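Novice:
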Amino acid sequence: MRRWSGPTLPFHATPERVERFRADNRLGEMISGTFLGWDGPGIGWVDFQGTKLLASMASRPEVGKRLHFLVKQLIPDIILQELSSSGLPEAFPLLQRLWTEQSRLETSLASLWSSVPQATDYLEQAQGTAPNAAQSWAARLAAWRRLLDQRPEARQDLHRLHAAQEPINTELTARGIGRFFVLPWLVDRVRGAGLLLGGPPCPPGQEDSGPSAPQAVFFCTHPVLGQLEVHFVLPGAHQAQHQGWTLHLNLEAIPSRTIASVSKWLLRAFPRPESGALSFQGVKPLPSGDHSGLLPRLLLASIPGRPRLHIKV
């Protein structure tokens, strides 16, 4: 195995990162990653949903470019096939553009948000009291608008991201799924935040049995919990007992004590409400499929690739 003198970027392919990647992904699954930068000749860092690994690549991607891969082997080495855009479904260039603009905006916002006081600061200074959830969100959005007013370059990046979002919605509408919205003002807490209104359809054969399809899905990559989705089943769904919201995580990649702690906190923070309100329905696994992430799961289909990338561990 070829070894390099030391990374020029502040990442390290530790055994914990490698094991998390193996737990996060399955053989035959299509996954996406963001190219972070070069470490040496032909070798660079790729961020797979929060897990950063060193990779040897034949292609020459630009920093921030979103790449798509097919998992070919996980043990003893992690071997992936890099999928060229010419062999991917028509929706892939749309996702590639969205991911590129999203990464560009989030990278610039990561440093800008550090100079913006926390949402609670504004309210406590004005009211002298701790805010409730609605007040906290209102203050966060107000801070977000001020940041855009003060940083024209961030507003331009946001316009480009919104322009990349529209073709995605055209594709989703054509499939009868719903509308997607980016949520970049959450970048100081999570990455890749988005909201799908309308929700994904039920898997085939489950329309009349099993849980109702969600009417809304929030998704992001959390620094501790990794990739997550929150599914909302709203009043008026076919099965009233499933109304509420469910947190979906990659349970195999998260310690059981962390899952138990998160569940306990959510149950305490969101007790079962009176009739008519949404309730927390528990923690469940992420939906299975051939793709990593909600939008790829909805818009892409499995296709063959060509070997071009080998993770070095």
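For the sequence shown, our numbering gives the first residue as 26, with consecutive numbering after it.
Backbone N, C-alpha and C define an ideal beta-carbon position, used for all residues, glycine too.
Small disclaimer: the values here were computed from a predicted structure and weren't measured.
According to the neighbour-count rule (16 or more other Cβ atoms, all chains shown, within 10 Å of its Cβ), is Leu-211 buried or exposed?
Specialist: On the sequence shown, residue 211 is found 186 positions in, with the first residue counted as 1. Label assigned to Leu-211: buried.
Novice: Which runs of the beta strand (DSSP E) spanning at least 3 residues fall entirely within the stretch 246-289, listed in chain order?
Specialist: For the stretch 246-289, whole beta strand (DSSP E) runs of length 3 or above, ordered along the chain, are 251-258 and 269-274.
Novice: Count the other CB atoms within 10 Å of the CB of Trp-270; is the residue buried (16 or more) or exposed (fewer)?
Specialist: Taking the sequence shown and counting its residues from 1, one reaches residue 270 at position 245. Buried, because 16 or more other Cβ atoms sit within 10 Å of the Cβ of Trp-270.
Novice: If you draw a straight line from the alpha carbon of Gly-53 to that of Val-96, how long is it in whole angstroms?
Specialist: Looking up residue 53 in the sequence shown gives position 28. Looking up residue 96 in the sequence shown gives position 71. So the alpha carbons of these two residues sit roughly 5 Å apart.
Novice: Applying the criterion that 16 or more other CB atoms from any shown protein chain within 10 Å of the CB defines a buried residue, is Phe-206 buried or exposed?
Specialist: On the sequence shown, position 181 is the one that residue 206 refers to. Under this definition Phe-206 is an exposed residue.
Novice: So what does Val-207 bridge to, in DSSP terms?
Specialist: In the sequence shown, residue 207 corresponds to position 182, counting from 1. Per DSSP, Gly-219.
Novice: Would you grab the beta carbon distance between Ile-56 and Ser-317 for me? Rounded to a whole angstrom, and I think it's under 8 Å.
Specialist: Position 31 of the sequence shown, counted from the first residue, corresponds to residue 56. Position 292 of the sequence shown, counted from the first residue, corresponds to residue 317. Right, the Cβ-Cβ distance comes to about 4 Å (below 8 Å), so this counts as a contact.
Novice: Relative to the C-alpha of Lys-90, which residue among Ala-83, Ser-136 and Arg-122 is closest?
Specialist: In the sequence shown, residue 90 corresponds to position 65, counting from 1. For Lys-90, the nearest C-alpha among the options comes from Arg-122.
Novice: Report the residue from Leu-208, Glu-107, Asp-72 and Pro-101 whose alpha carbon sits nearest the alpha carbon of Met-82.
Specialist: Translated into positions along the sequence shown, residue 82 becomes position 57. When only C-alpha atoms are compared, the closest one is Glu-107.
Novice: To the nearest angstrom, report how far apart Val-308 and Pro-192 are at their CA atoms.
Specialist: The residue given as residue 308 occupies position 283 in the sequence shown. The residue given as residue 192 occupies position 167 in the sequence shown. Whole-angstrom Cα-Cα distance: 32 Å.
Novice: Can the beta-carbon of Phe-257 be found less than 9 Å from the beta-carbon of Leu-303?
Specialist: Reading the sequence shown from its first residue, position 232 is the one you call residue 257. Reading the sequence shown from its first residue, position 278 is the one you call residue 303. Yes, these two residues count as a Cβ contact at 9 Å.
Novice: How many Å lie between Arg-176 and Arg-185 at the Cα?
Specialist: Locating residue 176 in the sequence shown gives position 151, counting from the first residue. Locating residue 185 in the sequence shown gives position 160, counting from the first residue. Going from the Cα of Arg-176 to the Cα of Arg-185 covers about 15 Å.
Novice: Considering only their Cβ atoms, is the gap separating Leu-272 from Lys-255 smaller than 9 Å?
Specialist: Position 230 of the sequence shown holds residue 255. Position 247 of the sequence shown holds residue 272. Before going further, note that residue 255 is Val rather than Lys in the sequence given. Taking 9 Å as the Cβ cut-off, Val-255 and Leu-272 qualify as a contacting pair.
Novice: Is Ser-57 helix, strand or coil when you go by DSSP?
Specialist: Within the sequence shown, numbered from 1, the residue matching residue 57 stands at position 32. Strand at Ser-57.
Novice: To the nearest angstrom, how far is it from the Cα of Leu-311 to the Cα of Asp-102?
Specialist: Counting from 1 along the sequence shown, the entry for residue 311 is found at position 286. Counting from 1 along the sequence shown, the entry for residue 102 is found at position 77. Roughly 25 Å separates the two Cα atoms.
Novice: To the nearest angstrom, how far is the alpha carbon of Leu-274 from that of Ile-284?
Specialist: Taking the sequence shown and counting its residues from 1, one reaches residue 274 at position 249. Taking the sequence shown and counting its residues from 1, one reaches residue 284 at position 259. About 9 Å.
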